[in-house]
């Protein structure tokens, strides 16, 4: 099964999908919402992976109105030792993790972990902090395909070794037609086989259709303040490394889900 | 030691470079309009190809026109059918006995080749990357004295180097020509065929500075 992982514009600079209630049929004038897609495609559950809690209440309200199950995960920055970070440049080994609550108590616990990271540790988590606040009954851990410690080890000169002794994370695997996807996938599969961990095929979704890529790119340029090292950026000269795939969308998910 | 590329006198290479309408890595409006590739067996030049690719709706940015010296009249007179050119190029690209070589290919040209394929209705296929070398990655490795560790996957090592940025680090082809004492005419850089000839000369010298 291929799992659609939505992200909304509440994760600033990462997605152009909103969390608005579904539009009326035929109305095309406004932005696409995660819930437009969910309603049009009869999804019973919506998995949101956000970078903050900002959209949580709205997502919960709309899901409740539509009688859809909401699975709300937060993607967090992880490092070797959060207590030593005063300046982001101090981070020696940074990568991302995703925490999903399993129930309503888990939502409270995730909120507590998120708040702790943001208020006490400059937004960072480390193994010690997470272990101290982990409750296996209420929380589950997932490792994203991009920006995980394995991804960073393979595409940067970072060398991160993370042993989640207190839980067994699920590793997401994606295929978005990027040149390094197969290297990452091979590494994830090997790591999970060696450590007896689960993998899950997934698809990150930041816009609805492939044709929306230019709108997505425009939004990223705006959020990136439209300059790179003082140089003016544009759609024709975006200067984003490896932004070379238009597959982070529902259309691509639907194609892949059909072929599985 | 004898496994090092510098000693493989008969190694086959394809050096390539695309010229495009702009720098977008996805847009099908960013059509590759020139593709040059050279086929070498060791030091011997076997084949030299400089194609202008025919598209009905080429939208060149002003910046690209300036940098590449694009000339409408010349383009129209030289342009050949896209499919014919892609087939010729891919005959070598997907032949594992050839090492595919280019400057900043991992950050640019491989994506342009993918756009080229998509424009002709073909699927993404990066399988040739395992036998490819980006001379920009090599330039960074030599500049930063980062050796290739045989425990590393060569492609992964190149992507790591691709991610290295440093203020003031100038490693474009012109700068590499200077560093490796390859004669070049700055006015001709960004002509695809000229670029790859110079790039191959640079590469041959780089091989004596790094163990791959």
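Residue numbers (our numbering), protein chains in the order written: chain F, 1465 to 1724; chain Y, 64 to 275. Backbone N, C-alpha and C fix where the C-beta goes; we use that ideal spot for every residue, glycine too.
By the Cβ test, the stretch 1661 to 1675 of chain F is not in contact with the stretch 92 to 109 of chain Y, since fewer than three Cβ pairs between them sit closer than 8 angstroms. Residue-level contact by beta carbon fails for residue 130 of chain Y and chain F, as no gap is shorter than 8 angstroms. Rounded to whole angstroms, the Cβ separation of residue 1663 of chain F and residue 1635 of chain F is 5 angstroms, and the two are in contact under 8 angstroms.
Linking residue 88 of chain Y to residue 1707 of chain F through their CA atoms gives a straight-line distance of about 7 angstroms. Going by C-alpha positions, residue 1553 of chain F is about 15 angstroms away from residue 1620 of chain F. Within the same chain, 1539, 1608, 1611 come within 6 angstroms of residue 1560 of chain F by CB-CB distance, once the 5 residues on both sides are set aside. Residue 113 of chain Y carries a strand assignment under DSSP once its states are collapsed to helix, strand and coil. Contact between the stretch 1561 to 1577 of chain F and the stretch 1590 to 1602 of chain F is established, with three or more Cβ pairs separated by less than 8 angstroms. The alpha carbon of residue 200 of chain Y has as its nearest neighbour, out of Y/227, Y/154, Y/90, Y/113, the alpha carbon of Y/227.
Contact between residue 164 of chain Y and residue 76 of chain Y is confirmed by a C-beta separation of about 5 angstroms, below the 8 angstroms threshold.
For residue 1613 of chain F, not one C-beta of chain Y is nearer than 8 angstroms to its own C-beta. Distance from the CA of residue 130 of chain Y to the CA of residue 192 of chain Y, rounded to the nearest whole angstrom, comes to 27 angstroms.
Residue range 217 to 225 is occupied by the alpha helix (DSSP H) that includes residue 220 of chain Y. Per DSSP, reduced to three states, the secondary structure at residue 207 of chain Y is helical. Counting every other CB atom within 10 Å of its CB across the protein chains shown gives residue 1687 of chain F a total below 16, marking it as exposed. In the pairwise beta carbon analysis, the stretch 216 to 231 of chain Y is classified as not touching the stretch 256 to 274 of chain Y: fewer than three pairs are separated by under 8 angstroms. Bridge partners of residue 1588 of chain F according to DSSP: F/1541.
Only buried fits residue 1717 of chain F, as 16 or more other CB atoms lie within 10 angstroms of its CB. Taking a cut-off of 8 angstroms for Cβ pairs, the stretch 1513 to 1523 of chain F and the stretch 1470 to 1490 of chain F touch, as three or more such pairs fall below it.
If you look at residue 1651 of chain F, you'll find it in the alpha helix (DSSP H) that goes 1645 to 1658. Proximity of the stretch 172 to 183 of chain Y to the stretch 203 to 211 of chain Y falls short of the contact definition, fewer than three beta-carbon pairs being nearer than 8 angstroms. Contact of residue 1701 of chain F with chain Y is assigned, a C-beta pair being separated by under 8 angstroms. Sequence-ordered contacts of the stretch 146 to 175 of chain Y with chain F read 169, 170, 173, 174 [C-beta pairs closer than 8 angstroms]. By the 16-neighbour rule on beta-carbons within 10 angstroms, residue 1520 of chain F is buried. Against residue 1707 of chain F, the close residues of chain Y are 88, 89, in the order they occur along the chain (beta-carbon pairs closer than 8 angstroms). The stretch 1589 to 1647 of chain F contains, as complete alpha helix (DSSP H) runs of 4+ residues, the segments 1591 to 1597, 1613 to 1619 (chain order). With 16 or more other Cβ atoms inside 10 Å of its own Cβ, residue 195 of chain Y counts as buried.
Chain Y places a beta carbon closer than 8 angstroms to that of residue 1618 of chain F, counting this residue as a contact.
In the three-state reduction of the DSSP assignment, residue 99 of chain Y falls in the strand class, which pools E and B. DSSP places residue 80 of chain Y in the uninterrupted beta strand (DSSP E) bounded by 75 to 83.
For the pair residue 1702 of chain F and residue 124 of chain Y, the Cα-to-Cα distance works out to about 13 angstroms. Counting other Cβ atoms within 10 Å of its Cβ, residue 1588 of chain F reaches 16 or more and is therefore classed as buried. Distances from the alpha-carbon of residue 1656 of chain F to those of F/1633, F/1641, F/1643 put F/1633 closest.
Within chain F, no residue has its beta carbon less than 7 angstroms from that of residue 194 of chain Y; the closest one is some 13 angstroms off. Residue 1535 of chain F and residue 127 of chain Y have their C-alpha atoms some 46 angstroms from each other. As far as DSSP is concerned, residue 1578 of chain F takes part in no beta bridge.
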